[in-house]
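For the sequence shown, the residue numbers in our numbering are 1 to 155.
From the three backbone atoms N, C-alpha and C, an ideal C-beta is built for every residue, glycine too.
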Amino acid sequence: MPKGSITERTYIMVKPDGVQRGLVGEIMARFEKRGYKLIALKMRTADEALLKKHYCDLVEKPFFPSLLSFMTSGPVVSMVWEGLDAVKQGRQMLGETNPLASKPGSIRGDFCIDMGKNICHGSDSVESAENEIALWFTPEEVLKYDQTRAAHIYE
Ligand code: IDP
Ligand code: MG
1 MPKGSITERT YIMVKPDGVQ RGLVGEIMAR FEKRGYKLIA LKMRTADEAL
51 LKKHYCDLVE KPFFPSLLSF MTSGPVVSMV WEGLDAVKQG RQMLGETNPL
101 ASKPGSIRGD FCIDMGKNIC HGSDSVESAE NEIALWFTPE EVLKYDQTRA
151 AHIYE
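Structure follows, in structure tokens:
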């Protein structure tokens with residue numbers, strides 16, 4: 001078995017621009033193909049109260065009002081992916097906050113140009129992942145099941 005935890009979890013969200021642009025399947029496919037296990041999935045239009053909690057570290061930023069109106073403008077797709085180094089690998093797969101700094105091959109590096117429309121969210125630490133998962137899902141919505149292909153993904 002690998003050194004790290006294969007039950008590390010990250011919160012990944014396709015933002016309203018990603019949903020509108022038809023990138024939900026593309027983003028999910030990348031995590032599936034990489035080997036991660038999908039353990040929660042939901043679509044909804046988030047309200048301001050939820051987003052103020054989700055982005056609590058950004059509420060004082062000058063761009064926060066536009067971030068809020070963008071994020072409440074339409075449905076988002078929320079997911080929890082589980083597997084080795086899910087948080088760090090998830091961030092690598094997403095790319096940098098600024099698409100200009102995002103390498104081709106990353107989601108942002110392949111599909112977007114503007115920081116305010118960067119199509120996806122991924123937790124930045126294991127601690128924030130656990131907080132975000134608890135914010136966007138009830139405990140019952142986060143599933144436990146065996147990934148039968150795990151023996152082909154992990155040593
Ligand atoms: P992250 O999404 O890569 O974790 P954060 O710093 O947590 O980046 O910011 C959350 C989101 O707020 C970003 O994904 C982006 O959509 C938006 N954002 C961050 N910084 C700026 C900015 O300077 N201008 C406009 N939007 C920003
Ligand atoms: Mg962030």
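A check of alpha carbon separations from H152 across R21, R34 and M28 identifies R34 as the nearest. For L94, the enclosing alpha helix (DSSP H) has its first and last residue at A86 to L94.
Here DSSP, grouped into helix, strand and coil, assigns P75 to coil. Excluding the 5 residues flanking it on each side, I27 has same chain C-beta neighbours closer than 7 Å at V14, G18, I107 and C120, in chain order.
Between the segment 71-79 and the segment 36-47, the count of Cβ pairs shorter than 8 Å is three or higher; the stretches touch. Within its own chain, the residues whose Cβ lies closer than 7 Å to the Cβ of K52, once the five positions on either side in sequence are excluded, are V59, listed in chain order. In this structure G95 touches G109 by the C-beta definition: roughly 5 Å separates them, less than 8 Å.
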